[in-house]
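Protein chains in written order, with our numbering: chain E, 3 to 448; chain H, 19 to 196.
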């Protein structure tokens, strides 16, 4: 499914020194950059061919819409209304009349062209600095027509990277648990979708309870917890083939799985006689190692991006708190000391922060702290929310939030939300059903 | 109201000193009765919606029975896996019933309320079920007959978002496995 070929070549190398516009991502989205996304131009013959294959009237505008929506949800850009555009797409792509774009206050402009070439989709796009009157970037991609949405995501990633100086996160997917039915008899299925909610697909049927799916950062594998045959165990699932297997041979519940950054190990908890400890299993030689050894609950482990450290939560102090240790289990150190309970620590892909869930005075928070526990910042407060997962560039967190029920127990819902590291730009992530336990993939194309 | 009204009548009829003393006594009694009524009604309401001691559920709404007089579940305080006096009594009844029915095997299903992170709650459910298992074992039930299964917060019995609902959900339920 993902074995697609995206050929990408640079038409013109951009000169970074000439660029005037820059997007500051360290602060909030108070001044999103006004950007014009011109519909990608398309010749009549190509248009007809794609209409036949993809059942889309104008694939050029559709791709532009994907880009526009991505830019908007990032919170850093303000895509301008197309009705105000003065220049036709095909002319703008050749040489924009910068005065026209300046007039509608666009600071950056994206133009492009779509062609049908040997049964394939060829897309070229250009990013223009309107104020400087210069081209900043020009790229072309060729792929199978069905990948048209991914082309939109890749264009967004390139534009985002060019304007912010950081890698994007748009050509990515989210795996999560789709939920249906009453709270007391919830049916849960694994589901996967593009980062923008498109191409949603269910991966299990809902016959058994499934929880906490997590992507392998290096492949199309997923690890998750399944109650298959009423035996809660960590499983490994290959999304491409649908093959799955139990991880290890444990005489009891294994849970809270995650991959190591190199994708070669699974780290998880194993519960026995009321005591949960952290274990790893090497996926190549199947060797199991016990990492923590303490008569308390040790769970929710997550590796640092260099694989040298592990953060986890434990109630060894009497209450659930966050700890870090070396990857061999030595040097355990508590890092959360604020008021309340702390759980679900997840190490940022940039390595400098740990995201967590906090419970204090009956409210739940998603927050971040430095890896030594200093600089705690709470990003959002709610009745119930937990389980943050980082975007691959470490700028955005996705998590799930549950609503309070009324006296009759009605009104429950579980939804995915995303928020910027800055605490700005909190957004509902649309899913066809209720949803929880999101996990963000790495960039599919690099 | 009736009582106060009759008091007024008394005032009108008796104007001497002795009568006033009597009136004071009547008023005092009336006051005591009112206080008692308020206290009683307060008791009635707490019995209706309370069903909790500390934050441990003590009611019977959700309880089922393994056999006559043998409740199937025990309840826990928030974040705790310590067995209360009532829980231990329930488990002793279960142990007696299991000793009488030596062919029966059981699953102890441990649960947590919705006010905790999913993964921690899985571990907490397991810890609660094991607290029940350990107690049954001290009363002579072989560990071969007991298996443990944690559902964390995945299978609440009460879908309410209030302390009473949460107290019903913090439980270990003994389920016949055969």
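Note that beta-carbon positions come from the ideal geometry of N, C-alpha and C, so glycine has one too.
For clarity, every value in this text was computed on a predicted model and none was experimentally measured.
Exercise. Using the beta-carbon of each residue, which ones in chain E are nearer than 8 angstroms to residue 132(H)?
Worked result: Sequence index remark: in the second chain, residue 132(H) carries index 114 (1-based). Ordered by position in chain E, the residues that pass the 8 angstroms Cβ test against residue 132(H) are 386, 404.
For this session: Over the uninterrupted beta strand (DSSP E) stretch that includes residue 181(H), give me the two end residues.
Result: Residue mapping note: residue 181(H) aligns to position 163 of the second chain, counting from 1. Residue 181(H) -> not in any beta strand (DSSP E); alpha helix (DSSP H) instead, spanning 181 to 187.
Problem set entry | Listed by chain order, chain E residues near residue 212(H) by CB distance under 9 angstroms | What the structure shows of chain H is the stretch from 19 to 196, and residue 212(H) is not part of that stretch, so it cannot be assessed.
Exercise. At a Cβ threshold of 8 angstroms, is residue 315(E) touching chain H?
Worked result: Working through the first chain from its first residue, we reach residue 315(E) at position 313. It does; some Cβ of chain H falls within 8 angstroms.
Exercise. Span of the alpha helix (DSSP H) holding residue 156(H)?
Worked result: As a first step, residue 156(H) is located in the second chain; it is residue number 138 there, counting from the start. Residues 136 to 156.
Problem set entry | Rounded Cβ spacing between residue 236(E) and residue 270(E) (contact assumed at less than 8 angstroms) | Along the first chain, one-based indexing puts residue 236(E) at 234. Along the first chain, one-based indexing puts residue 270(E) at 268. Between residue 270(E) and residue 236(E) the Cβ distance is about 5 angstroms, and since that is below 8 angstroms, they are a contact.
For this session: Within 10 angstroms of the Cβ of residue 371(E), are there 16 or more other Cβ atoms? Answer buried if so, exposed if not.
Result: Indexing the first chain from 1 puts residue 371(E) at position 369. Under this definition residue 371(E) is a buried residue.
Exercise. If we cut at 8 angstroms on Cβ distances, does residue 57(E) have a partner in chain H?
Worked result: In the first chain, the residue the question calls residue 57(E) occupies position 55. Not an interface residue.
For this session: Taking only runs that begin and end inside the stretch 36 to 82 of chain E, name each unbroken alpha helix (DSSP H) of 4 or more residues, in chain order.
Result: Taken in chain order, the whole alpha helix (DSSP H) runs of length 4 or more contained in the stretch 36 to 82 of chain E are 46 to 56, 61 to 76.
Exercise. Quick one: which chain E residues come within Cβ less than 8 angstroms of residue 142(H)?
Worked result: Taking the first residue of the second chain as position 1, residue 142(H) is located at position 124. Near residue 142(H) (Cβ distances below 8 angstroms), the residues of chain E are 299.
Exercise. By Cβ distance, which residues of its chain are closer than 6 angstroms to residue 140(H), with the 5 residues on each side in sequence left out?
Worked result: As a working note, residue 140(H) is residue 122 in the second chain. Result list for residue 140(H): 168, 170, in chain order.
Problem set entry | Classification of residue 434(E) by the beta-carbon crowding that lies within 10 angstroms, buried from 16 upward | As a first step, residue 434(E) is located in the first chain; it is residue number 432 there, counting from the start. With fewer than 16 other Cβ atoms inside 10 Å of its own Cβ, residue 434(E) counts as exposed.
Exercise. Could you give the C-beta distance for residue 81(E) and residue 37(E), rounded to a whole number, given that I count them as a contact under 8 angstroms?
Worked result: In the first chain, residue 81(E) corresponds to position 79, counting from 1. In the first chain, residue 37(E) corresponds to position 35, counting from 1. About 6 angstroms separates the two Cβ atoms, so the contact holds.
Exercise. Which residues in chain H sit within 8 angstroms of residue 409(E), going by Cβ to Cβ distance?
Worked result: For the purposes of this step, residue 409(E) is taken as residue 407 along the first chain, with counting starting at 1. Within chain H, the residues near residue 409(E) are 178, 180.
Problem set entry | 7 angstroms Cβ shell around residue 1(E) - same chain, five flanking residues per side excluded | In this structure chain E extends from 3 to 448, so residue 1(E) is not present and cannot be described.
Problem set entry | residue 1(E) and residue 442(E) closer than 8 angstroms at C-beta | Because residue 1(E) is not part of the residues shown, which for chain E are 3 to 448, the question remains open.
For this session: Please look up how many angstroms separate the CB atoms of residue 296(E) and residue 260(E), rounded, as I've assumed it's under 8 angstroms.
Result: Taking the first chain and counting its residues from 1, one reaches residue 296(E) at position 294. Taking the first chain and counting its residues from 1, one reaches residue 260(E) at position 258. Not really, about 19 angstroms apart at Cβ, beyond 8 angstroms.
Exercise. Going by Cα to Cα distance, which pick from 307(E), 298(E), 147(E) is closest to residue 218(E)?
Worked result: Indexing the first chain from 1 puts residue 218(E) at position 216. It is 307(E) whose Cα lies nearest to the Cα of residue 218(E).
Exercise. What residue from 438(E), 419(E), 378(E), 436(E) has the CA that sits closest to residue 75(E)'s CA?
Worked result: Here the question's residue 75(E) lines up with position 73 in the first chain. Checking every option, the nearest Cα to that of residue 75(E) belongs to 419(E).
Exercise. Buried or exposed: where does residue 294(E) fall if 16 or more other Cβ atoms within 10 Å of its Cβ makes it buried?
Worked result: Here residue 294(E) refers to the residue found at position 292 of the first chain. So residue 294(E) counts as buried.
Problem set entry | Through-space distance from residue 141(E) to residue 33(E), alpha-carbon basis | One-based indexing of the first chain puts residue 33(E) at position 31. One-based indexing of the first chain puts residue 141(E) at position 139. For residue 33(E) and residue 141(E), the distance between alpha carbons rounds to 27 angstroms.
For this session: Check distances from the C-beta atoms of the stretch 249 to 268 of chain E to those of chain H and list, in chain order, the residues that come in under 8 angstroms.
Result: 254, 255, 257, 258
Problem set entry | For residue 126(H) and residue 104(H), believed in contact at Cβ under 8 angstroms, the rounded distance | Along the second chain, read from residue 1 onward, the residue named residue 104(H) stands at position 86. Along the second chain, read from residue 1 onward, the residue named residue 126(H) stands at position 108. Between residue 126(H) and residue 104(H) the Cβ distance is about 17 angstroms, and since that is not below 8 angstroms, they are no contact.
Exercise. Given that a residue counts as buried once 16 or more other Cβ atoms are within 10 Å of its Cβ, and exposed if not, what is residue 213(E)?
Worked result: One-based indexing of the first chain puts residue 213(E) at position 211. Looking at its Cβ environment, which holds 16 or more other Cβ atoms inside 10 Å, residue 213(E) is buried.
Problem set entry | Cβ-Cβ separation, residue 156(E) to residue 447(E) (assumed contact under 8 angstroms), whole Å | Here residue 447(E) refers to the residue found at position 445 of the first chain. Here residue 156(E) refers to the residue found at position 154 of the first chain. So it is a contact: roughly 6 angstroms between Cβ atoms.
For this session: Find out if the Cβ-Cβ distance for the pair residue 264(E), residue 208(E) is shorter than 8 angstroms.
Result: Your numbering for residue 264(E) matches position 262 in the first chain. Your numbering for residue 208(E) matches position 206 in the first chain. No, these two residues do not count as a Cβ contact at 8 angstroms.
For this session: List the whole-angstrom C-beta distance separating residue 137(H) from residue 258(E), where the pair is believed to meet the contact cut-off of C-beta under 8 angstroms.
Result: Residue mapping note: residue 137(H) aligns to position 119 of the second chain, counting from 1. Residue mapping note: residue 258(E) aligns to position 256 of the first chain, counting from 1. Their Cβ separation, rounded to whole angstroms, is 4 angstroms, which keeps residue 137(H) and residue 258(E) in contact under 8 angstroms.
Exercise. Which parts of the stretch 283 to 325 of chain E are runs of the beta strand (DSSP E), unbroken and 3 residues or longer, counting only runs that do not cross its ends?
Worked result: 290 to 292, 300 to 305, 311 to 316
Exercise. Which of the three DSSP states, helix, strand or coil, is assigned to residue 100(E)?
Worked result: The residue labelled residue 100(E) in the question sits at position 98 within the first chain. Note: residue 100(E) maps to helix in three-state DSSP.
Exercise. Looking only at its own chain, which residues have a Cβ that is under 7 angstroms from the Cβ of residue 173(E), when we skip the five neighbours before and after it?
Worked result: Numbered from 1 along the first chain, position 171 holds the residue referred to as residue 173(E). Cβ within range, chain order: 152, 155, 156, 159, 445, 446, 447.
Problem set entry | Euclidean distance between Cα positions of residue 57(H) and residue 411(E) | Walking along the second chain from the start, residue 57(H) turns up at place 39. Walking along the first chain from the start, residue 411(E) turns up at place 409. Because the pLDDT at residue 57(H) is just 42, under 50, the model does not fix this residue reliably, and the value given afterwards should be weighed accordingly. Cα to Cα, the separation comes out at about 31 angstroms.
Exercise. Closest Cβ-Cβ distance between residue 109(H) and chain E: below 8 angstroms?
Worked result: Along the second chain, read from residue 1 onward, the residue named residue 109(H) stands at position 91. So, not an interface residue.
Exercise. Terminal residues of the continuous beta strand (DSSP E) containing residue 369(E)?
Worked result: Position 367 of the first chain, counted from the first residue, corresponds to residue 369(E). Note, residue 369(E): beta strand (DSSP E), 365 to 372.
Problem set entry | Length at least 3, wholly inside the stretch 187 to 253 of chain E: the beta strand (DSSP E) runs in chain order | 189 to 196, 212 to 217, 223 to 228, 235 to 240, 246 to 248
Problem set entry | Chain-ordered chain H contacts of residue 414(E) [CB-CB under 9 angstroms] | Working through the first chain from its first residue, we reach residue 414(E) at position 412. Here the neighbours are 177, 179.
Exercise. Does the pairing of the stretch 89 to 98 of chain E with the stretch 46 to 57 of chain E give three or more beta-carbon distances under 8 angstroms?
Worked result: In this structure the stretch 89 to 98 of chain E does not lie against the stretch 46 to 57 of chain E, because fewer than three pairs of beta carbons, one per stretch, are closer than 8 angstroms.
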